[in-house]
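A.B. asks:
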Amino acid sequence: MQQIDYIINEANASVSATVNGQHYPLPALWLRERCQDSENLDKTTKQRFFDPHQLDENVSLVKVEKKHNTLANLTFSDGYSGEYDLNEFAADFDVWDGAPNDIPWKSNVDKSLFHIDLATLKSEAGLIKGIEIFLTYGVLIVDNVPTESDAVLEVANLFGHVRETNFGKYFEVFTRPNSNDLAYRSVPLGPHTDNPYRNPMPGIQLLHCLENQTTEGLSTLVDSLSVLEQLKKEDPDGFALLCKVPVRYRYYDNDVDLIERRTMIESDPSGRITGIAYSPRLDYLPLLQDQEMVIFHRARKRLGQLLCSPEYEWRFRLEPGQLQMFHNTRVLHGRTGFDPSEGRRHLQGAYIDIDAPKGRYNALKRKQGSIRTNDEFEIADTKATEEMRG
Numbered sequence: 001m002q003q004i005d006y007i008i009n010e011a012n013a014s015v016s017a018t019v020n021g022q023h024y025p026l027p028a029l030w031l032r033e034r035c036q037d038s039e040n041l042d043k044t045t046k047q048r049f050f051d052p053h054q055l056d057e058n059v060s061l062v063k064v065e066k067k068h069n070t071l072a073n074l075t076f077s078d079g080y081s082g083e084y085d086l087n088e089f090a091a092d093f094d095v096w097d098g099a100p101n102d103i104p105w106k107s108n109v110d111k112s113l114f115h116i117d118l119a120t121l122k123s124e125a126g127l128i129k130g131i132e133i134f135l136t137y138g139v140l141i142v143d144n145v146p147t148e149s150d151a152v153l154e155v156a157n158l159f160g161h162v163r164e165t166n167f168g169k170y171f172e173v174f175t176r177p178n179s180n181d182l183a184y185r186s187v188p189l190g191p192h193t194d195n196p197y198r199n200p201m202p203g204i205q206l207l208h209c210l211e212n213q214t215t216e217g218l219s220t221l222v223d224s225l226s227v228l229e230q231l232k233k234e235d236p237d238g239f240a241l242l243c244k245v246p247v248r249y250r251y252y253d254n255d256v257d258l259i260e261r262r263t264m265i266e267s268d269p270s271g272r273i274t275g276i277a278y279s280p281r282l283d284y285l286p287l288l289q290d291q292e293m294v295i296f297h298r299a300r301k302r303l304g305q306l307l308c309s310p311e312y313e314w315r316f317r318l319e320p321g322q323l324q325m326f327h328n329t330r331v332l333h334g335r336t337g338f339d340p341s342e343g344r345r346h347l348q349g350a351y352i353d354i355d356a357p358k359g360r361y362n363a364l365k366r367k368q369g370s371i372r373t374n375d376e377f378e379i380a381d382t383k384a385t386e387e388m389r390g
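For the record, in the sequence shown the residue sitting at position 179 is 179 according to the UniProt record's numbering, with numbers rising by one throughout.
#1: Near H161, which residues of its chain fall below 8 Å by C-beta distance, leaving aside the five closest residues on each side in sequence?
#2: In its own chain, which residues sit with a C-beta less than 7 Å from the C-beta of Y24, not counting the 5 before and 5 after it?
#3: Look at the alpha carbon of R250 and the alpha carbon of M264, and state the distance between them as a whole number of angstroms.
#4: A99: buried (16+ other C-beta within 10 angstroms of its C-beta) or exposed?
#5: Opposite W314 in the DSSP bridges: which residues?
#6: What would DSSP say about M293, mapped onto helix, strand or coil?
#7: Between the alpha carbons of S60 and R34, how many angstroms are there, rounded?
#8: Spell out a yes or no on whether the region 137–145 and the region 244–260 are touching, meaning 3 or more CB-CB pairs, one atom from each, closer than 8 Å.
#9: Chain D beta carbons: is any one of them nearer than 9 Å to that of I8?
#10: Is A299 helix, strand or coil by DSSP?
#11: Can you tell me which of the three DSSP states R345 falls into?
#12: Mind checking T220: buried by the 16 CB within 10 Å criterion, or exposed?
#13: Taking only the alpha-carbon atoms, compute the straight-line gap between W105 and V294 and give it to the nearest angstrom.
#14: Using only CA atoms, which one of N101, S123, E132, D283 lies nearest to H115?
#15: Quick check on the burial criterion: 16 or more other C-beta atoms within 10 angstroms. Buried or exposed for D283?
#16: Quick one: is Q22 buried, meaning 16 or more other Cβ sit within 10 Å of its Cβ, or exposed?
#17: Mark N9 as exposed unless 16 or more other C-beta atoms lie within 10 angstroms of its C-beta, in which case mark it buried.
#18: Can you check which of these residues, N254, E342, L303, Q213, is closest to A277 by C-alpha distance?
#19: Among A90, G130, R315, D253, which has the Cα closest to the Cα of L364?
#20: Quick check on W30: buried or exposed, where buried means 16 or more other Cβ atoms within 10 Å of its Cβ?
#21: Which residue comes first and which comes last in the alpha helix (DSSP H) that contains Q368?
#22: Quick one: Cα of R335 to Cα of L287, how far?
#23: Alpha carbons only, please: which of K367, A350, G369 is nearest the one belonging to F167?
#24: Is the distance from the Cβ of L153 to the Cβ of L127 below 9 Å?
#25: Going by beta carbon distance, what residues of the same chain come within less than 7 Å of P177, once the five residues before and after it are set aside?
#26: Please classify Q324: does DSSP put it in a helix, a strand, or coil?
#27: How far does the alpha helix (DSSP H) with residue 400 in it extend, from its first residue to its last?
#28: Bridge partners for D117 per DSSP, in chain order?
#29: Using C-beta distances below 7 Å, list every residue in its chain close to residue 395, excluding the 5 sequence neighbours before and after it, in chain order.
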């Protein structure tokens, strides 16, 4: 957690902050926008009653009165005067969003870390635990889910709202000859991201096993964060191209034709890698200069090899009554081929948005009054990472 100290200077009519030893003067316009009185800010929603975009860009502080260590009354040149609790600014200096840190994993990870029982999830404490597992590893295996149609929606609604697509609120995964997606056949499916042709892509996918009478048809999961670490070490130039060159993805059938362009490797506004858009069945090599195309394809090829490597890919049998929930762009999923004549293999799937579990998690932790600090997560995460990486 960051150390923040505020300096309230009455003589110079100024306010500043020192964050981990670095000094930040707080401009008048920045402060004016963050007024905290009930006439300008709704205390419940933290939403403003005024339009800050219309403030005078030349507004200045004309008077500063210190009332307590972090409490001050500020008066501005536009006539506004109000009381400020400077501790309310802490979030402006910390990019941490309250969630546990990612822990990349390989196929030798202790899989018991990923499991939780549905009955446990139905309590607040259990739901917090389940979301922590998911936010940390990008995957959660829920046990003892009733093998009933629509049960996937019950689990999905614990974490967020179901996102409906052209496949419906949920979709059935079983063998259908001449289906509109290879997922509905018995052929092998390599690791992939679902729906890279959509904007936005589904953030989270849930797959619930109702029946599995086949000896093959194993589920596969692979953490792209671990794979991308390795790719960047082996081929930094190719990695950089995959981060910046958009790729075209397309899906079409009789009722819809979806096209989207996005980079294969995705990052957040701070530059942190968050996952990939990877689906060899749906993407197209971008038009580049000869040498760049060679570098791009070489990196794409190696990425595919790493994703399928036993070092990274976890293969397992999803049993009836089990549900896998995974971060669609971080943890890629797939399936080995199977013989449909052996018996039925029937799954139901659904999507929810990626921000839903995190929002629910933060609300539950706030309700409990037990939000852990980033330092506590970092200590726990460091220990877990050391154990998993040997």
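Ideal Cβ placement from N, Cα and C applies to all residues, glycine included.
C.D. replies: With the structure as the only source:
#1: Residue numbering aside, residue 161 sits at position 161 when the sequence shown is read from its first letter. Taken in chain order, the residues that qualify are I352, D353, A356.
#2: The count along the sequence shown starts at 1 and reaches residue 24 at position 24. These residues qualify, in order along the chain: S16, A17.
#3: Taking the sequence shown and counting its residues from 1, one reaches residue 250 at position 250. Taking the sequence shown and counting its residues from 1, one reaches residue 264 at position 264. Distance between the alpha carbons of R250 and M264 is about 14 Å.
#4: For this step, residue 99 is matched to residue 99 along the sequence shown. Flag for A99 reads buried.
#5: Numbered from its first residue, the sequence shown carries residue 314 at position 314. DSSP, once it has assigned bridges, lists L221 as partnering W314.
#6: Within the sequence shown, residue 293 is the residue found at index 293, counting from 1. It is helical.
#7: Position 60 of the sequence shown, counted from the start, is the residue given in the question as residue 60. Position 34 of the sequence shown, counted from the start, is the residue given in the question as residue 34. Using only the alpha carbons, I get a separation of about 14 Å.
#8: no
#9: You won't find chain D in this structure, because it holds only one protein chain.
#10: Position 299 of the sequence shown, counted from the first residue, corresponds to residue 299. DSSP places A299 in helix when its eight states are reduced to three.
#11: Reading the sequence shown from its first residue, position 345 is the one you call residue 345. Strand, per DSSP.
#12: Residue numbering aside, residue 220 sits at position 220 when the sequence shown is read from its first letter. By the neighbour-count rule (16 or more Cβ atoms within 10 Å), T220 is buried.
#13: Position 105 of the sequence shown holds residue 105. Position 294 of the sequence shown holds residue 294. Their backbone Cα atoms lie some 30 Å apart in a straight line.
#14: Reading the sequence shown from its first residue, position 115 is the one you call residue 115. With distances taken between Cα atoms, H115 lies closest to E132.
#15: Translated into the one-based positions of the sequence shown, residue 283 becomes position 283. So D283 ends up on the buried side.
#16: For the purposes of this step, residue 22 is taken as the residue at position 22 of the sequence shown. Burial call: exposed.
#17: Along the sequence shown, one-based indexing puts residue 9 at 9. Looking at its Cβ environment, which holds fewer than 16 other Cβ atoms inside 10 Å, N9 is exposed.
#18: Numbered from its first residue, the sequence shown carries residue 277 at position 277. Among N254, E342, L303, Q213, the Cα nearest to that of A277 belongs to L303.
#19: Here residue 364 corresponds to residue number 364 of the sequence shown, with the count starting at 1. Of the candidates A90, G130, R315, D253, the one whose C-alpha sits nearest the C-alpha of L364 is G130.
#20: Reading the sequence shown from its first residue, position 30 is the one you call residue 30. The residue is exposed, with fewer than 16 neighbouring Cβ atoms inside 10 Å.
#21: By one-based count along the sequence shown, residue 368 stands at place 368. Where Q368 is concerned, the enclosing alpha helix (DSSP H) stretches over 355–368.
#22: Residue numbering aside, residue 335 sits at position 335 when the sequence shown is read from its first letter. Residue numbering aside, residue 287 sits at position 287 when the sequence shown is read from its first letter. The straight-line gap from Cα to Cα measures roughly 31 Å.
#23: Translated into positions along the sequence shown, residue 167 becomes position 167. Minimum Cα distance to F167 is reached at A350.
#24: Looking up residue 153 in the sequence shown gives position 153. Looking up residue 127 in the sequence shown gives position 127. The answer is no: Cβ separation not under 9 Å.
#25: Here residue 177 corresponds to residue number 177 of the sequence shown, with the count starting at 1. Low local confidence applies: a pLDDT of 47 at P177 is under 50, so the model's placement there is unreliable, and no value is given.
#26: As a position in the sequence shown, residue 324 is number 324, starting the count at 1. Three-state DSSP puts Q324 in a strand.
#27: Outside the shown range of the chain (1 to 390) lies residue 400, about which nothing can therefore be said.
#28: For the purposes of this step, residue 117 is taken as the residue at position 117 of the sequence shown. Looking at the DSSP assignment, D117 forms a beta bridge with D143.
#29: The structure shown does not extend to residue 395, since the chain spans only 1 to 390, so no value can be given for it.
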